[in-house]
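Trainee:
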Amino acid sequence: MATPGQGSGTGSQPNRLETGGLVDRSRIVRFTFDGKTYTGHPGDTLASALIANGVSLTGRSFKYHRPRGILSAGSEEPNALVELREGARREPNTRATVAEVFDGLVARSQNRWPSLDFDVMAVNSLLSPIFVAGFYYKTFMWPSALWEKLYEPAIRRAAGLGRASDEADPDTYDKATAFADVLVIGGGTAGLAAALAAARTNARVILVDENATLGGRGVDDGADINGNPAHEWVRTVEAELSSAPNVRILRRTTAFGTYDGGTYGAVERVSDHLAVAAQGVPRQRLWRIVAKETVLASGATERPVVFGGNDRPGVMLAGAVRTYINRFGVLPGRRAVVFTNNDYGASTVAALKRAGAEVVALVDSRAQISDEVKRIASEAGARLLLGAVVTGTLGKKRVTGVTIHTRTGEEERLDCDLVAMSGGWNPNIQLTTHLGSKPTWNDKLLCFLPGTLPHGMSLAGAVAGDFTLGKTLVGGTSAGSAAVTAAGYAAVSVPVPKAADESDAVAPLWRVKSPNGKAFVDQQNDVTESDIELAEREGFRAVEHLKRYTTLGMATDQGRTANVNALAIMAEITGRTIPQTGITVARPPYTPVSLGTLAGHHREKHFKPTRLPPSYRWAKENGCVFVETGLWLRPSYFPRPGEKDWLETVKREVTTVRNAVGICDVSTLGKVDLQGADTAAFLDRIYMNGLKTLPIGKCRYGGMLREDGILMDDGTVARLGENHYFITTTTANAVKVVQHMEYCAQWLWPELDVQIVSATEQWAQYAVAGPKSRELLQKIVDPAFDITDAGFPYLGVGEITVCGGIKARLFRLSFSGERAYEIGVPARYGDALMRRLAEAGKEFGACAYGTEALGVMRIEKGHISGPELNGTTTPRDVGLGGMVSTKKDFIGHVLGKRPGLVDPERPALIGFRPLDRSQRLRSGAHFLKRDAQATAENDEGYMTSVAYSPSNGHWVGLGLLKRGPERIGEIVRAYDPVRGGDTLVEVVSPVFVDPEGVRVRG
Amino acid sequence: MANQTLLATSAFLHWKPVKALNFTVEPRETLTMASFAAAKGKKDALAAAIRAAYGADLPKGSGRVEGNGIAFVWAGPDQWLAIAERKDGRDLESELKAALSGIASVVDQSDGRVVVRISGSDARAILAKGIPVDLDARAFKPGNVAITHASHIGVILWQIDDKPTYEVALFRSYVDSFAHWLLDSAAEYGV
């Protein structure tokens, strides 16, 4: 017989058994809980180590601040939630039942002040008659304005759980994808048998198990397999699987979600059992596992019984009691009462007796039980109370006794320090329901079993309702063989391990009526059986309403120990069956997944990839300030010493372009190469303006519409040869335009001969803009090429060479309104060309300019950009109505003629300047008639883009105004309630610089 | 000064050498690349021309073949990426334009894409951290090609040999982000 304590060499752990369990007694680990140091052994969870040390109070409850202890031994734990670690690694709401102890672990209880032992907020418990379900909804309704500012913060302070760290997470997280012929979820006896059967065929097998050690309840129950203790069989199977190259075992890994196409999400806690992750090793890894076939062997979770004071520390699930004894070698109590409605009560009695505890009584709600159970109780010296129930618990921070309602209606008190309860088992069916399948109720087993399974999934063990050890081994072996056959491998015959089938008889007991004290259904969210009665009285009878009204099942444990009891109680109250009452939908994740794991590598500036343009390095060396545009990091402006703010810099850059020459990296614009005999016809159907007449060696501005007639993108089309075109798109739409074109070529007009290739990254392309741009270019363009105005006029394009034979493309295009060019070279020369242009430009007073100056100059010229190309505007809205061809069909042509899109009342693009020239303008401001009330009915459009115009010496704006082009000269209000602006503006031409367009032609 | 030639800049300027026991990363710096696509109705003519000029059968679906120093990598419906060492002035754009005149369009990609060679027995586990493709020896073999993504970066991936050695082609501007992901992922393997 194992006895606790004495002479075990672990004297400071009074409840550690001398033998048994899988912990390594030869080694000691030290950890602290609420500042006090304790010892444990490798293999312990925090919960088992606390039990070993006689600590039974682990936290205070969410709402009533009641003392709480350890209920379970697994991931379903609702009570023993603790803060682990310190500083930046502090993590709240961690289940002590799954956290492994390690040397130096620091753990704290939660939700108590000033201490766990004396908690001021426990006063809530006295007020419990008013803290019923829906209390917050009913009490803090008025005035609604106070909700955010006062009620919610106050409630959160009182009711919160743990505290997250305020510091940046120092750990790393990882993501990976794995593929399997057969995925086995759960490493209990059923899962191991399935994995073994599948692995022997040489199929690729992945076995995931959420615990540190395999074996599941086979180990927890201390049963025998093939005549030896189950853990020996587990070790043999594990050894075979570990050495098989076709098998991957993922321990400490929880499969948390089922997704389409045989895909599963899983979290591997790679380093959570270590003080600090090893160099380069992530803390946790998110697995995306794609499996041809999946054997779900996820086991079952035991149900608590709902009776008075069933939340008191020392009240524990009966299966957990067996786990602590058999897996961890600790004894959760010395004087136990076992309270049950099923035959597993007997194995708990036996386990307790074996471990040296006194079993005071076996309280069984059933009037009739088997002789075998009677024999076990008798051997253990336990009183057998049949047809009896526990109505309440005695004690404060630890149970000291129970009150019993006997079969004959008498009340009786029994002294004890442990209540092991079992209300039966719920198969862990969650992963079967994530794709929408409804579970089905089984009246004999008293549980929900999986309904229609997701494609490729099969079941083994307790999740299938096979609760007994013998059945898990038979079912596991056959499920493994069937799955591997379905995955295309010839099954190998595997002998089924032999084990006895214990009795799993059970009779309904959902709650004890007239409980002595509060009877909890959901312990994490403090929902009692009387809350369910209240919800029923107030009409929240549907399970989804019950859930939301009482918050039952909505805590981090997802109500795994609560949901079935709750709906069974609701069924009982409403006189319906459990299937009629229904079950709430379980969604991923099965257990909580930290956000860091979901983010993985994609955090902070690596949230998304960054694209660097060819001049990036030069720009950085020259003090550039960058701006993120999509994934690109583009030069925004180039401050120089002495410039006091960005505006001064941008003014200088604009003035330089307008008076001398500037250089801007425009490589990020999308570039697409189109070739083929029908390219001209293809482009003519894509663009709204005519392109058939575009001669070789020329560019043209073009716009394209969506099918619905709304502007999609604009850019330039250059014709390089008879059947060779090169187009540009906006930076933002580069990918979308190529996608659109490929769709059109492959699906709409497969008869056309056109080949589309993205060439965005092949070319480093710089705008060289300003009156001296040609002079600067002449410094680098090889002399064989004529770039005089006669030889290379506005809108010309040519394939040339620069700097002694480097191939290049030159376009005479302007976005600034000045004489301007775009020069492209293969990207590897981009950095060198930028340096050369900057150097050669010195004698012309050149400067580099960024997107800010680019934006100012395009607004000064009335050119549209992102704010106007915003997915709601038509060509006419933005002043491009004249470009739209009436002589051809093209995408968007027909739907663009819908009455709503050609309504003359639609806001249309026009320019604005402040009446008081010293005032600044704000984009987003809404236009109102000068004397109109600021109401939505009077809204006449809004300002899309504004800039301080160095050329005009005041702010200018572009905006969409109802009948805008007809209203030049009118004064309207630009009303901006968000930023408190209300400015009178004058409607003017949208072209603020060089309205005749002389400069661009030189 | 002005007409001195321009010096090429490596796309891998910020890369550090990667050395680990079972993992190597080698940027391929000196490649000439061109994508080519069959003209309407010229698929067979294109295949014949490539066979005649290079002794290679263009893969009709996902795949990679070699011929006369050129690797032909499937890059989409009726599209391929041709890759060769840029030595002795070899330039695939002009070479293929001459060889495929009238039957395919050819576009220079020597600068648009970069190629990284990744090799070693840890390569599969490392690539699995960002590439959602089954690279197990049973599922993906030398000569196989996948158009996929690596940690949100679009890539073309192919296998060279059984070590295993892979090559990944990606757009030039993503090189630093790709390196960051790759080194992060390899940290667990001693990089």
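Those sequence lines, one after another, are chains A and B. Counted from 1, the first sequence has number 2052 at position 824 by the working numbering; the numbering is strictly sequential. Counted from 1, the second sequence has number 88 at position 74 by the working numbering; the numbering is strictly sequential. Beta carbons: idealized from backbone N, C-alpha and C, even for Gly. Predicted, not measured: the structure shown is a model, and the values here were computed from it.
For the alpha helix (DSSP H) that B/Val189 lies in, which residues bound it at each end?
Mentor: Here the alpha helix (DSSP H) through B/Val189 covers Val189 to Ala200.
Trainee: Taking the alpha helix (DSSP H) that A/Ser1276 belongs to, which residues open and close that run?
Mentor: Taken as a continuous stretch (DSSP letters only), the alpha helix (DSSP H) holding A/Ser1276 covers Leu1274 to Ala1280.
Trainee: Go ahead and label A/Asp2210 buried or exposed: buried means 16 or more other beta carbons lie within 10 angstroms of its beta carbon, across all protein chains shown.
Mentor: Exposed, because fewer than 16 other Cβ atoms sit within 10 Å of the Cβ of A/Asp2210.
Trainee: Within the region 1414 to 1499 of chain A, note down every full alpha helix (DSSP H) run reaching 4 residues or more, in order along the chain.
Mentor: The region 1414 to 1499 of chain A contains these whole alpha helix (DSSP H) runs: 1417 to 1427, 1444 to 1448 and 1458 to 1471.
Trainee: Residues of chain B with a CB under 7 Å from the CB of A/His1501: which are they?
Mentor: Those do not exist, as A/His1501 stays about 16 Å from chain B at its closest Cβ, beyond 7 Å.
Trainee: Do we get a CB-CB distance below 7 Å when we pair B/Glu109 with the residues of chain A?
Mentor: Cβ-Cβ to chain A under 7 Å: no for B/Glu109.
Trainee: What are the residues in the region 1279 to 1307 of chain A lying within 7 Å of chain B by C-beta distance?
Mentor: Cβ contacts with chain B: none found.
Trainee: Count the other CB atoms within 10 Å of the CB of A/Arg1513; is the residue buried (16 or more) or exposed (fewer)?
Mentor: So A/Arg1513 ends up on the buried side.
Trainee: B/Gln14 touches chain A at which residues, Cβ-Cβ below 7 Å?
Mentor: It is not possible to answer for residue 14 of chain B, since the shown part of chain B is limited to 15 through 205.
Trainee: Are there 16 or more other CB atoms within 10 angstroms of the CB of A/Ile2051, so buried, or fewer, so exposed?
Mentor: The residue is buried, with at least 16 neighbouring Cβ atoms inside 10 Å.
Trainee: Name the DSSP bridge partner or partners of A/Asp1942?
Mentor: For A/Asp1942, which the question treats as bridged, DSSP gives the partners A/Gly1931.
Trainee: Leaving out five residues before and five after A/Gly2258 in sequence, what residues of the same chain have Cβ atoms less than 7 Å from its Cβ?
Mentor: Chain A is shown only over 1229 to 2230; residue 2258 of chain A falls outside these bounds and no answer can be derived.
Trainee: Is the beta carbon of B/Asp125 less than 7 Å from the beta carbon of A/Gln1990?
Mentor: Contact: yes.
Trainee: Skipping 5 residues on each side, what residues in its chain have a beta carbon closer than 8 Å to that of A/Phe1676?
Mentor: Excluding sequence neighbours, A/Phe1676 sits near Asn1654, Pro1655, Ile1657, Pro1667, Thr1668, Trp1669, Asn1670, Val1792 and Ile1811.
Trainee: Is it true that the CB of A/Cys1892 sits closer than 7 Å to the CB of A/Leu2082?
Mentor: Closer than 7 Å, so yes.
Trainee: Specify, as a first and last residue, the run of the beta strand (DSSP E) that A/Gln1903 falls within.
Mentor: Unbroken beta strand (DSSP E) run through A/Gln1903: Gly1898 to Gln1903.
Trainee: Would you list, in sequence order, the uninterrupted alpha helix (DSSP H) runs of no fewer than 4 residues that lie entirely inside the region 2038 to 2072 of chain A?
Mentor: Runs of the alpha helix (DSSP H) inside the region 2038 to 2072 of chain A: 2058 to 2068.
Trainee: Which residues of chain B have a Cβ atom closer than 9 Å to the Cβ of A/Ile2034, listed in chain order?
Mentor: Residues of chain B passing the Cβ test: Thr19 and Leu20.
Trainee: Identify the contact partners of A/Phe1407 in chain B, using a Cβ-Cβ distance below 8 Å as the criterion.
Mentor: Ordered by position in chain B, the residues that pass the 8 Å Cβ test against A/Phe1407 are Asp148, Asp150 and Ala153.
Trainee: What does the Cβ neighbour count give for A/Phe1835, buried or exposed, with the cut at 16 atoms within 10 Å?
Mentor: Exposed: under 16 other Cβ atoms inside 10 Å.
Trainee: Here's the rule I'm using: 16 or more other beta-carbon atoms within 10 Å means buried, otherwise exposed. How should A/Asn1744 be labelled?
Mentor: Buried is the call here.
Trainee: Kindly list, in the order they appear in chain A, the residues whose Cβ is closer than 7 Å to that of B/Ser135.
Mentor: Near B/Ser135 there are no residues of chain A at all, since even the closest Cβ is about 12 Å away, more than 7 Å.
Trainee: Give me the Cα-Cα distance between A/Gly1637 and A/Ala1783, rounded to the nearest whole angstrom.
Mentor: Straight-line Cα distance between these residues: approximately 37 Å.
Trainee: Just mark A/Gln2161 as buried or exposed, buried being the case when its beta carbon has 16 or more other beta carbons within 10 Å.
Mentor: Burial call: exposed.
Trainee: Can you check whether the CB of A/Gly2069 is closer than 7 Å to the CB of A/Leu2123?
Mentor: No. Outside cutoff.
Trainee: Quick one: grab the DSSP three-state call for B/Ala151.
Mentor: Three-state result, B/Ala151: coil.
Trainee: Taking one C-beta from the region 2144 to 2162 of chain A and one from the region 2118 to 2132 of chain A each time, how about it: are there three or more such pairs within less than 8 Å?
Mentor: Flag = no, the region 2144 to 2162 of chain A and the region 2118 to 2132 of chain A do not touch.
Trainee: Quick one: any contact between the region 1480 to 1493 of chain A and the region 1813 to 1831 of chain A, if contact means 3 or more CB pairs under 8 Å?
Mentor: Touching, yes.
Trainee: List the residues of chain A whose Cβ lies closer than 7 Å to the Cβ of B/Ala201, in chain order.
Mentor: Per Cβ cutoff of 7 Å: Gly1508.
Trainee: Which residue spans inside the region 1241 to 1302 of chain A form an unbroken beta strand (DSSP E) run of at least 3?
Mentor: Counting only runs of 3 or more, we get 1257 to 1261 and 1264 to 1268.
Trainee: Exposed or buried, which one is A/Tyr1971 when buried takes at least 16 other CB atoms within 10 Å?
Mentor: Exposed is the call here.
Trainee: Could you tell me which uninterrupted beta strand (DSSP E) segments, each at least 3 residues in length, are contained entirely in the region 1833 to 1887 of chain A, listed from first to last along the chain?
Mentor: For the region 1833 to 1887 of chain A, whole beta strand (DSSP E) runs of length 3 or above, ordered along the chain, are 1853 to 1857 and 1860 to 1865.
Trainee: Counting only beta-carbon atoms, is B/Trp195 nearer than 7 Å to chain E?
Mentor: The structure shown has no chain E; the protein chains it does contain are A and B.
Trainee: Spell out whether any CB of chain B is found under 7 Å from the CB atom of A/Thr1857.
Mentor: By this cut-off, A/Thr1857 is not an interface position.
Trainee: From A/Gly1455 to A/Ile1553, what distance separates their C-alpha atoms?
Mentor: C-alpha separation (whole angstroms): 20 Å.
Trainee: Have a look at A/Lys2116 and A/Gly1918 and give me their C-alpha separation to the nearest angstrom.
Mentor: So the alpha carbons of these two residues sit roughly 8 Å apart.
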